[in-house]
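Beneath this line is the structure, given in structure tokens, with notes to follow.
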Amino acid sequence: MATQEVNLESLKKDLDSLKADFKDVIKSIKDMGAERAESAKDKILDQLNSDEIKKYIDDLKSKGKDSIENVNDAIKEDPIKSIAIAAGVGFLAAWLLKK
42 MATQEVNLES
52 LKKDLDSLKA
62 DFKDVIKSIK
72 DMGAERAESA
82 KDKILDQLNS
92 DEIKKYIDDL
102 KSKGKDSIEN
112 VNDAIKEDPI
122 KSIAIAAGVG
132 FLAAWLLKK
């Protein structure tokens, strides 16, 4: 009977140890999952930021082209006025730089 109690106590200790080991394994699995999820999130955010930047650059290019076309059209419609404006801006810039 005494050996059965010793075996039972030993078995209980082994089960407690096994429970602790399982808890550690589960915690490790959760941590690995969290790390992978964080890594995946970072990759997705990087991709989104990259896509947003590309879209922003494309929008800026389009607006720049439109502005250049508008300036070209204005110059073609009234070239003398355009020359006068350019000369005025040049004189103003020279005057400001002298000071």
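Using my numbering, the first residue of the sequence shown is number 42, and each one after it goes up by one.
Where a beta carbon is used, it is the ideal one built from N, C-alpha and C, also for glycine.
Asked	Found
Just the C-alpha distance for Ala115 and Ala78, rounded to the nearest angstrom, thanks.	55 Å
Within the continuous alpha helix (DSSP H) that includes Lys140, where are the two ends?	No alpha helix (DSSP H) holds Lys140; DSSP gives it neither H nor E.
For Asp119, which three-state DSSP category applies?	coil
Alpha carbon to alpha carbon, how far is Met73 from Gly105?	48 Å
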